[in-house]
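Numbered per our numbering, the sequence shown spans residues 6 to 427.
Ideal Cβ placement from N, Cα and C applies to all residues, glycine included.
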Amino acid sequence: MTSITPPAAGQQGTAPWLKWTAFGVGAGAALASSAAGAVSGLAVYFARQVVTPARTRDENLDILAVVGSRGDQTVILPATEDTTVEGTYGLYFDRGAGHARIGAIRSYVPREGTVERRVDAVDAGDLTAATRGWWSGAVYTSPSAVGFADEEVLIPVEGGAAPAWLIRAEGPSTTWAIMVHGRGATRAEALRALAPARRLGLTSLVISYRNDGDAPAAPDGRYGLGMTEWHDVEAAIDFAMTHGARDVVLFGWSMGGAIVLQTADLSRHRSRITALVLDGPVINWMEVLAHHAALNRIPARVGRLGQYLLASQRARRITGLAAPLDLKSMDWITRAEQLTLPTLIIHSEDDEFVPVGASAELAAKNPTFVTLERFHHARHTKEWNVDPDRWESVVEKWLAGLLFGRALPGGKMPGAEARELP
6 MTSITPPAAG QQGTAPWLKW TAFGVGAGAA LASSAAGAVS GLAVYFARQV
56 VTPARTRDEN LDILAVVGSR GDQTVILPAT EDTTVEGTYG LYFDRGAGHA
106 RIGAIRSYVP REGTVERRVD AVDAGDLTAA TRGWWSGAVY TSPSAVGFAD
156 EEVLIPVEGG AAPAWLIRAE GPSTTWAIMV HGRGATRAEA LRALAPARRL
206 GLTSLVISYR NDGDAPAAPD GRYGLGMTEW HDVEAAIDFA MTHGARDVVL
256 FGWSMGGAIV LQTADLSRHR SRITALVLDG PVINWMEVLA HHAALNRIPA
306 RVGRLGQYLL ASQRARRITG LAAPLDLKSM DWITRAEQLT LPTLIIHSED
356 DEFVPVGASA ELAAKNPTFV TLERFHHARH TKEWNVDPDR WESVVEKWLA
406 GLLFGRALPG GKMPGAEARE LP
């Protein structure tokens with residue numbers, strides 16, 4: 006599928022990861038260029054924004070009108086770089102209590118600055134009464150919305166128990182898929198992968214992790230960008246192993262990809278991890294943070310100082326981190342040869358939050374283990390939304406070749422010696 010011509014520059018549909026509420030972008034840049042103290046202050050703010058979870062989600066999208074009655078409704082929205090891309094999406098409203106599934110574009114006239122889209126379903130809330138919300142790749146709110154039984158389990162983690170959805174395979178299953186959502190998202194983000202996992206005969210465990218609003222918060226209340234969150238994935242693998250799994254496939258979206266890579270690197274269950282499936286993953290945090298500094302028109306030296314603060318033992322009181330972050334250890338471009346698990350990366354060419362370049366470089370440096378599937382016009386982690394049939398086909402064919410010895414087109418086996426059919 007292709008996107009409709011995007012709106013004029015400056016009309017943004019989704020806020021960047023780092024929201025500059027305390028400094029105006031232009032004012033911050035001007036201050037940073039005028040005095041060393043201002044540079045330091047902006048760098049501190051940058052570093053804190055990177056690791057501090059948002060307490061509430063910004064309802065940054067106006068809901069202009071809802072037309073028709075349930076079963077035949079459309080919604081009129083501002084035309085943005087997100088809302089004018091074909092596909093199926095989620096629209097959250099009423100501070101997240103409401104959710105609608107938004108489908109095909111019915112009409113779009115660029116000069117009017119609005120787009121009308123079909124409402125496929127309203128899962129919760131009264132869309133007709135909503136005035137603001139936010140656009141999301143999370144089309145479903147629960148496994149039952151996808152067509153699978155809801156079964157919530159609790160996984161013991163540091164500080165308590167993290168809820169997870171358990172979606173059992175139809176028959177005996179010793180390979181489990183453990184699914185890890187991204188920064189600022191919830192486990193609903195991963196529900197898009199349930200159908201292909203079920204068709205492959207996998208039991209799925211869709212997890213929450215520290216600071217995501219479902220799992221217990223970390224003691225310091227800060228993101229670890231993968232350095233701390235991987236312990237919660239380790240706990241999920243423990244759960245899987247004690248409930249019949251012999252091995253696991255780890256799925257990760259965005260920062261969830263960084264978390265999965267940390268798990269694959271450090272887990273005591275590493276020999277049980279069969280493969281990684283990563284969607285729009287963070288491969289190198291230093292590149293991503295530099296990108297977001299530039300996105301917010303923050304001088305490069307301020308961004309570099311912010312990175313230094315995150316990695317500094319002495320700056321912990323400033324950042325609020327219990328321990329500094331070793332960003333270099335999470336640079337998988339430099340460590341490319343150390344990634345020895347079969348890895349499928351799905352990444353859109355126009356990803357505005359996590360640029361595709363690092364994924365492409367990793368695949369080029371490690372073609373034995375890393376396969377990159379490029380999408381277009383999907384923006385950040387919305388490849389499934391734009392073309393679900395292709396996304397699911399890519400994942401199924403790659404994993405089938407790996408798990409069951411079924412060759413991919415052209416006879417290529419993905420990344421490692423395939424196992425025998427069960």
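With distances taken Cα to Cα, identify the nearest neighbour of residue i among the options.
{"i": "W170", "options": "S209, V144 and G138", "result": "S209"}
{"i": "Y313", "options": "R227, R322, A327 and L332", "result": "L332"}
{"i": "T61", "options": "D131, T89 and G218", "result": "G218"}
{"i": "S259", "options": "T279, V293 and R273", "result": "V293"}
{"i": "G76", "options": "A52, V55 and V127", "result": "V127"}
{"i": "E239", "options": "P224, G261, L207 and R273", "result": "R273"}
{"i": "A48", "options": "H385, D394 and H297", "result": "H297"}
{"i": "A182", "options": "R227, L205, G362 and V254", "result": "V254"}
{"i": "V361", "options": "D87, E86 and P286", "result": "P286"}
{"i": "A167", "options": "D237, A328, D225 and A369", "result": "D237"}
{"i": "R90", "options": "Y113, G103 and G226", "result": "Note that residue 90 corresponds to Val in the displayed sequence, not to Arg. Comparing Cα-Cα distances from V90 to each of Y113, G103 and G226, the minimum goes to Y113."}
{"i": "A220", "options": "D252, P177, G164 and A195", "result": "G164"}
{"i": "V151", "options": "P177, A195 and G176", "result": "A195"}
Is residue i buried or exposed, if buried means 16 or more other CB atoms sit within 10 Å of its CB?
{"i": "Q267", "result": "buried"}
{"i": "R53", "result": "buried"}
{"i": "V72", "result": "exposed"}
{"i": "H382", "result": "buried"}
{"i": "H248", "result": "exposed"}
{"i": "G142", "result": "buried"}
{"i": "G229", "result": "buried"}
{"i": "R384", "result": "buried"}
{"i": "R116", "result": "exposed"}
{"i": "A363", "result": "buried"}
Excluding the 5 residues preceding and the 5 following residue i in the sequence, name in chain order all residues of the same chain whose CB lies nearer than 6 angstroms to its CB.
{"i": "F380", "result": "S353 and E388"}
{"i": "R192", "result": "H186, V211 and S213"}
{"i": "D155", "result": "S147, P148 and S149"}
{"i": "T339", "result": "none"}
{"i": "A421", "result": "Because the pLDDT of A421 is 36, which lies under 50, any placement of that residue in the model is unreliable, and the number read from its coordinates should be weighed accordingly. Excluding sequence neighbours, A421 sits near P347."}
{"i": "F396", "result": "The residue asked about is misnamed: residue 396 is Trp in this sequence, not Phe. Closer than 6 angstroms at Cβ, skipping near neighbours: E388 and W389."}
{"i": "D125", "result": "R106 and G108"}
{"i": "F51", "result": "G311"}
Take residue i and list the residues in its own chain whose beta-carbon comes closer than 8 angstroms to its own, dropping the five residues that flank it on each side.
{"i": "F153", "result": "I172, L199 and R203"}
{"i": "D67", "result": "L82, P83, T136 and R137"}
If I measure Cβ to Cβ from residue i and keep anything under 7 angstroms in the same chain, skipping five residues before and after, which residues do I get?
{"i": "L413", "result": "Residue placement at L413 cannot be trusted, given a pLDDT of 39 that sits under 50; what the coordinates show is reported in the next sentence. Same-chain partners within the cutoff: K402, W403, G406 and P419."}
{"i": "W337", "result": "L266, I288, N289, L344 and L367"}
{"i": "W235", "result": "I264, Q267, T268 and L271"}
{"i": "T233", "result": "R215 and A223"}
{"i": "G261", "result": "V185, H186 and G187"}
{"i": "A102", "result": "A129 and G130"}
{"i": "S38", "result": "Note that S38 scores 47 on pLDDT, short of 50, meaning its location in the model is unreliable; the coordinates nonetheless yield the value given after this. Only P304 meet the Cβ criterion."}
For my contact list, residue i and residue j are in at a C-beta cut-off of 8 angstroms; report their separation, rounded to the angstrom.
{"i": "I350", "j": "L283", "result": "5 angstroms"}
{"i": "R106", "j": "T93", "result": "6 angstroms"}
{"i": "L346", "j": "A365", "result": "That pair is no contact at about 19 angstroms."}
{"i": "T179", "j": "A250", "result": "6 angstroms"}
{"i": "L451", "j": "L315", "result": "Past the boundaries of the shown model lies residue 451; the chain is included only from 6 to 427, so the question cannot be answered."}
{"i": "D63", "j": "W139", "result": "7 angstroms"}
{"i": "G231", "j": "A59", "result": "With 8 angstroms as the limit, G231 and A59 do not qualify as a contact, their Cβ atoms being about 18 angstroms apart."}
{"i": "D252", "j": "R275", "result": "The pair is not a contact, with the Cβ atoms about 11 angstroms apart (cut-off 8 angstroms)."}
{"i": "G308", "j": "A295", "result": "5 angstroms"}
With contact counted as at least three CB pairs below 8 angstroms, one residue from each stretch, are the segment 89-100 and the segment 122-142 in contact?
yes
For the 8 angstroms Cβ check, are there 3 or more pairs between the segment 232-244 and the segment 147-161?
yes
Determine, using beta-carbon pairs with one atom in the segment 81-91 and one in the segment 119-128, whether at least three such pairs fall under 8 angstroms.
At 8 angstroms Cβ cutoff, the stretches touch.
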